[in-house]
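Take any residue in the sequence shown, count from 1 to its spot, add 598: that is its number in the numbering used here.
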Amino acid sequence: MTVKGIRPSAWVALTLLVGGVAAWPTWQGIVQQWTILDGGYSHGFLAFAVFVWLVWQQREELDTCRVRWSPLGAGIAVLLWGALVVGEVLLIEAVEQLAAFALPFAIIWALLGWQVTRLLILPAGILFTTVPVWDVTSYTLQSVTVAVDHLLLSFSDIRFHVNDVFISLEGVGTFEVANGCSGLRYFLVGLVVAQLYAALYLRTLPRRVVVIGLGVLLSLAANWLRVFIIILVGYFSDMQSGLIEDHEMFGWFLFAGMLVLFYLLALRIERSEPAIAHQGEADRSTGKAFSDVSIVPRALVLVACAGLTLASYGLTTDSTDVQSLEKTDWPKRLDGFVRLPIVLDAPLQPQWRGYDAMEQVAYVQRDTESPRQMQVFAYHYVNQRPGRELVQDANKIYDSYRWKLIRQSTLPAAHGPIGVLDLQSTRDQHYRKIAYTYRVADAWYDEG
């Protein structure tokens, strides 16, 4: 650093830091997703460390870039700030998170120009895999997995039929390609590995695109192969193999094998790349040295951007009043069941997160030879807001690793449809039945 200015690499670090701090209310929700170890974004902390390391590694190249104001970058920054406000006001978490992620990079583009920004594309791509907006691709990935395994099974003598994400083997059982079997985690981790390889070892855009595409394809292929092998094991073991219940580690072993194949293929692509000299010296001779550019205008712009970002979070207030929730008056008797004064341990409990309040009551049917129990759970969401969504990937009616879906149906009711799930334990022969419904405003639904 000189008296007249600051190095571009320092500006990049400062802008990213200020942008992250200013948008921390949004980033806090993103980081919380990283802490869910069995979630799709558990690689978040590692990817963030890789992002910081890559930016640090490029500091010398950043300092050789031509620095100039960019009206296009400024325009994009304004649009992203507007998107951040819209996402915050309308409680659209995906829009808010995308805007909070992209805004610091747009500000860097506006302050320092495209030459600096383009060097951050791959590091930013790695960090982008940690933003929890990829869940929208989950059902598509599930459908692709079912389609691929449908094709593979068609070459075998196994008699089966497919219904949505369910693959039924005649006389054996039914496999559900659930949300956790979509391959999203393999896809995201593979994308990180492929982008890291492209950033470190490749210089030409076509080869970078090929390597990244190869990494994504092999990552998804690992999941397709995992599901296919599990189906075969289930068929030949008559659903008795322990692999059917606990196949998480098996999938990561397959993924590791695919990474070895990826490395070998990427190495061949790297060796075919012509040597390309860095253009730093040319940039030094043609570009204006950043130390000759006054830092005051850029500092003022950066402070203004931080202030506007902070101000956007003051446009809305959390009007949630959990105390206003009225406790449900559960009936003492319900179709032959009697309500118990205490809450019993439930062998099957929904996995729900982010609710504002939860009620649980237990009923027992005593007028029968073998008394039956019924557990009732009610989860309340006062309003939709980041971290408090009714519909989210973490919310599951049952644990698909401990329970296997046998049948799904719908019952008509006076207020609206009720979904019914018949489940069998994957550990023993116990069966359970779940009835569920959602109430949103004054309407009832049997699908989330």
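C-beta: ideal position from N, C-alpha, C; glycine also.
Alpha carbon to alpha carbon, what distance is there between residue 745 and residue 765?
-> 10 Å
Smallest Cα separation from residue 636: which of 1005, 1038, 949?
-> 949
Beta strand (DSSP E) containing residue 756: first to last residue?
-> Residue 756 -> no beta strand (DSSP E), and no H or E assigned at all.
Exposed unless 16 or more other CB atoms sit within 10 angstroms - verdict on residue 753 | exposed
Locate the alpha helix (DSSP H) running through residue 661, then write down its first and last residues.
-> 657-661
Among 736, 763, 1018, 737, which one has its Cα closest to the Cα of residue 748?
-> 763
Excluding sequence positions up to five away, which residues of its chain have a Cβ less than 6 Å from the Cβ of residue 773?
-> 765, 829
Neighbourhood of residue 951 by C-beta distance below 8 Å, restricted to the same chain and skipping five residues each side = 990, 992, 993
In the structure shown, what three-state DSSP assignment does residue 847 receive?
-> helix
Sequence-distant residues of the same chain with beta carbon closer than 6 Å to residue 849, five excluded per side = 824
Skipping 5 residues on each side, what residues in its chain have a beta carbon closer than 6 Å to that of residue 709?
-> 896
Would you kindly work out how many angstroms separate the C-alpha atoms of residue 887 and residue 661, rounded to a whole number?
-> Note that residue 887 scores 44 on pLDDT, short of 50, meaning its location in the model is unreliable; the coordinates nonetheless yield the value given after this. Each residue's alpha carbon lies about 9 Å from the other.
Within 10 angstroms of its Cβ, does residue 651 collect 16 or more other Cβ (buried), or is it exposed?
-> exposed
Ordered along the chain, which non-local residues of its own chain (more than five positions away) have a Cβ less than 8 Å from that of residue 678?
-> 697, 700, 701, 704
Look at the alpha carbon of residue 758 and the alpha carbon of residue 722, and state the distance between them as a whole number of angstroms.
-> 44 Å
Segment contact, 8 Å Cβ cut-off, at least three pairs: the region 797-814 with the region 862-871 = yes
Look at residue 1016 and residue 1044 and say whether their C-beta atoms are less than 8 Å apart.
-> yes
In or out: residue 761 buried (at least 16 other Cβ within 10 Å) or exposed?
-> exposed
What are the boundary residues of the beta strand (DSSP E) that residue 949 is part of?
-> Where residue 949 is concerned, there is no enclosing beta strand (DSSP E), given that its DSSP letter is neither H nor E.
Verify the CB distance criterion: does residue 782 have a CB-CB separation below 8 Å to chain B?
-> The structure shown contains no chain B; it is built from a single protein chain.
Straight-line CA distance for residue 1036 to residue 1013?
-> 11 Å
Which word fits residue 621, buried or exposed, when buried means at least 16 other C-beta atoms lie within 10 angstroms of its C-beta?
-> buried
For the region 629-649 against the region 783-797, are there 3 or more C-beta pairs whose distance is under 8 Å?
-> yes
Beta-carbon proximity check, residue 832 vs residue 770, cutoff 8 Å = yes
Near residue 977, what residues of its chain come up, given a Cβ to Cβ distance below 6 Å and the 5 sequence neighbours on each side ignored?
-> 950, 953, 956
What are the residues that DSSP puts in a beta bridge with residue 773?
-> 765
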